[in-house]
Amino acid sequence: MAEMPELKVVITNNPDVGNYGQGSESAIALASPAISAAVIDATGKPVRRLPLRPEDVGKAMV
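For the numbering used here, add 24 to where a residue sits in the sequence shown, where the first one is 1.
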């Protein structure tokens with residue numbers, strides 16, 4: 025987490041902004057690939073299944 029940039033979340037309630045002015049789930053879409061990449065970097069084994077569960081990480085570490 026030391027390498028993660030600072031993240032600022034702003035909640036808006038403005039329907040006039042449109043699709044390109046805000047995103048409701050963009051951070052969620054980035055979390056799984058980032059965590060999967062971290063597991064691959066740590067274990068050297070590919071992650072082939074989501075959601076990534078603790079037991080899956082444990083198996084990858086063996």
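The beta-carbon is built from N, C-alpha and C at its ideal position, and this holds for glycine as well.
Residue i by DSSP, collapsed to three states: which one?
| i | result |
| --- | --- |
| L76 | coil |
| M28 | coil |
| K69 | coil |
| I35 | coil |
| V86 | coil |
Between the alpha carbons of residue i and residue j, how many angstroms are there, rounded?
| i | j | result |
| --- | --- | --- |
| L74 | S56 | 8 Å |
| V86 | N37 | 47 Å |
| R77 | K69 | 15 Å |
| D80 | L54 | 20 Å |
For residue i, tell me which candidate among the options has the shortest Cα-Cα distance.
| i | options | result |
| --- | --- | --- |
| V33 | A61, D65, I52 | I52 |
| R72 | E27, S60, G82 | S60 |
For the ligand NAP, is there a heavy atom less than 7 Å away from the beta-carbon of residue i?
| i | result |
| --- | --- |
| P70 | Questions concerning the ligand NAP fall outside what the structure shown contains, since it holds no ligand whatsoever. |
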